[in-house]
Amino acid sequence: MSPEQESFEQIRRVLALKRHEIPPPGYFHHFSREVIVRIKAGETGETHVFVGQLSWFKRFWHVLDTKPVWAGALGAAVCGFFCGWRSDLF
Amino acid sequence: MPMTMTEPVRRKAHSQEQEQPLAEKPDTSDELELVERARNGDLGAYDDLVRRYQERVYATVYHMTSNHEDANDLAQEAFIKGFQALKSFKGGSSFYTWVYRIAVNKTINFLKQRKNKQQMSLDDLDFNAEHDPDLVALISDKTPRREVNLAELQEKLNEAMLKLSEPHRLVVTLHDVQGMSHEEIAKIMECNIGTVRSRLFYARQQLQAHLSDYLK
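Put into structure tokens, the structure is as follows:
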């Protein structure tokens with residue numbers, strides 16, 4: 086076996102590791118059902134948008150949408166601001 | 211290519227789950243009928259088709275992205291898009307090849323959009339990894355904790371894969387990881403067999419260079 090073939094043989098062995106990478110237990114039990122549910126919901130399979138491509142407002146909204154704690158904190162901050170601004174009413 | 215070098219996220223694998231045998235293809239004798247029924251709106255038939263190829267499609271996308279969450283999204287979206295595009299499926303190739311092509315194109319477009327912001331989120335290794343003769347031959351007998359070496363090797367291998375360009379990563383995934391023939395890969399990638407072979411040769415050279423510290 087030539088040195089190059091031997092090196093490629095080692096790479097082939099290393100790549101065997103990739104075949105042992107498997108998703109969490111039970112992952113495929115629900116996969117097809119989720120696909121069907123999304124088809125029934127009218128999805129077209131073109132929904133994976135990289136957040137970085139969105140306008141700043143849509144990125145901001147995406148953050149609030151995916152992190153409800155931040156949305157709650159923002160709401161509390163806005164309420165606090167208005168309460169402080171209109172403290173003369175109390 | 212710079213990457214976000216955070217500690218890769220890992221998920222526990224089930225010790226009893228068996229990896230699908232290399233290059234095993236599902237029985238396709240009734241595939242035409244299932245495709246025709248799905249084309250007419252039969253979601254039960256399409257569900258059968260999805261279950262037939264879900265592991266292989268997920269695996270290809272995962273090996274391309276080294277990210278479980280992205281692979282989940284992209285694999286699902288590939289099948290969803292496949293259903294919507296069934297009317298354009300003319301039967302020139304098998305459904306298997308056709309849906310693979312959708313998944314591969316979708317993944318490559320996604321990776322190009324991500325550019326330098328790739329982040330690994332690795333699936334864990336199954337129970338049999340430690341006993342794989344190929345891996346046993348690689349791991350040094352002098353190392354007392356073999357499982358640590360395997361985890362490190364997994365991380366370095368995925369980093370090395372992510373350094374390859376998408377076409378080179380794809381041929382290595384389809385051939386060396388998933389056991390497809392050059393002919394099958396050429397159909398999926400819509401290129402000739404010579405291109406597949408030269409990309410494979412170059413990709414292996416690159417991996418060899420990136421992983422030289424881990425090869426005996």
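Residue numbers (the working numbering), protein chains in the order written: chain A, 86 to 175; chain B, 211 to 426.
We treat Cβ as the ideally placed atom computed from N, Cα and C, and that holds for glycine.
Residue i classed as buried or exposed, judged by whether at least 16 other C-beta atoms fall within 10 angstroms
| i | result |
| --- | --- |
| B:W308 | buried |
| A:G94 | A quick correction: the sequence has Glu, not Gly, at residue 94 of chain A. By the neighbour-count rule (16 or more Cβ atoms within 10 Å), A:E94 is not buried but exposed. |
| B:Q323 | exposed |
| B:G292 | buried |
| B:T275 | buried |
| B:I403 | exposed |
| B:H341 | exposed |
| A:G130 | buried |
| B:N368 | buried |
| B:E243 | exposed |
| B:A248 | buried |
| B:A313 | buried |
| A:F167 | exposed |
| B:R379 | buried |
| B:F320 | buried |
| B:L198 | Look at the range of chain B in this structure, 211 to 426, and you will see that residue 198 of chain B is not part of it. |
| B:R409 | buried |
| A:L159 | exposed |
| B:E394 | buried |
| B:A233 | Because B:A233 carries a pLDDT of 48, less than 50, the predicted location of this residue cannot be relied on, and the following value inherits that uncertainty. Its Cβ having fewer than 16 others within 10 Å, B:A233 is exposed. |
| A:F135 | The predicted model places A:F135 with a pLDDT of 49, which falls under 50 and marks its position as unreliable; any figure quoted below should be read in that light. By the 10 Å Cβ count, A:F135 comes out exposed. |
Residue nearest to residue i in terms of C-alpha spacing, selected from the options
| i | options | result |
| --- | --- | --- |
| B:R262 | B:F305, B:N250, B:R324 | B:F305 |
| B:Q329 | B:S303, B:M371, B:R247, B:H385 | B:M371 |
| B:E365 | B:H273, B:R247, B:A255 | B:H273 |
| B:A396 | B:D258, B:G389, B:H278, B:V406 | B:V406 |
| B:L259 | A:V120, A:L100, A:E128 | A:V120 |
| B:R266 | B:R311, B:R249, B:H378 | B:R311 |
| B:P377 | B:L244, B:A361, B:M399 | B:M399 |
| B:Q294 | B:N319, B:Q264, B:V245, B:K327 | B:V245 |
| B:V219 | B:A361, B:D257, B:I290 | B:A361 |
| A:R98 | B:D344, B:I290, B:L296, B:Y256 | B:D344 |
| B:D325 | B:K373, B:F299, B:G302 | Here residue 325 of chain B turns out to be Lys, not Asp, going by the sequence shown. When each option's Cα is compared against that of B:K325, the closest is B:K373. |
| A:L127 | B:L363, B:N282, B:I290 | Residue 127 of chain A is actually Gly in this sequence, not Leu. Ranking the options by Cα distance to A:G127, first place goes to B:I290. |
| B:K327 | B:G251, B:D423, B:D280, B:R409 | B:D280 |
| B:S298 | B:N250, B:N282, B:Q264 | B:N250 |
| A:L100 | B:S375, B:C401, B:S391, B:L363 | B:L363 |
| B:G301 | B:D257, B:A255, B:E241, B:Q264 | B:E241 |
Rounded Cβ spacing between residue i and residue j (contact assumed at less than 8 Å)
| i | j | result |
| --- | --- | --- |
| A:L102 | B:A269 | Not a contact, Cβ separation roughly 13 Å. |
| B:S239 | B:H278 | Incorrect: roughly 33 Å between the Cβ atoms, too far for contact. |
| B:A413 | B:V382 | 5 Å |
| B:T317 | B:V271 | 5 Å |
| A:I124 | B:L253 | 7 Å |
| B:Q418 | B:L425 | 7 Å |
beta-carbon residue i near the ligand FMN non-hydrogen atom, thresh 7 Å
| i | result |
| --- | --- |
| A:V122 | This structure lacks the ligand FMN; in fact it carries no ligand of any kind. |
Contact list for the segment 98 to 123 of chain A against chain B, Cβ threshold 9 Å: R98, V99, L100, A101, L102, K103, R104, H105, E106, I107, P108, P109, P110, G111, Y112, F113, F116, S117, R118, E119, V120, I121, R123
Three Cβ pairs or more, each shorter than 8 Å: is that satisfied between the segment 101 to 120 of chain A and the segment 282 to 298 of chain B? yes
Using a Cβ-Cβ cutoff of 8 Å, what residues of the segment 245 to 276 of chain B are near chain A? List them in chain order. L253, Y256, D257, V260, R261, Q264, E265, Y268, Y272, H273
Pairs of beta-carbons, one from the segment 102 to 114 of chain A and one from the segment 331 to 350 of chain B, closer than 8 Å: are there three or more? yes
Near-chain A residues of the segment 363 to 381 of chain B (beta-carbon distance less than 7 Å), N- to C-terminal order: L363, Q364, L367
Residues in the segment 292 to 306 of chain B with C-beta within 9 Å of chain E's C-beta atoms, listed in sequence order? In summary, chain E is missing from the structure at hand, where the protein chains are A and B.
Please name the residues in the segment 409 to 424 of chain B whose beta-carbon is closer than 8 Å to at least one beta-carbon of chain A, in chain order. R414, L417, Q418, L421, Y424
Tell me which residues of the segment 278 to 293 of chain B have at least one Cβ-Cβ distance to chain A shorter than 9 Å, keeping chain order. H278, D280, A281, N282, D283, L284, A285, Q286, E287, A288, F289, I290, K291, G292, F293
Residues within the segment 321 to 334 of chain B neighbouring chain A, beta-carbon criterion of under 8 Å: Q323, R324, K327, L332, D333, D334
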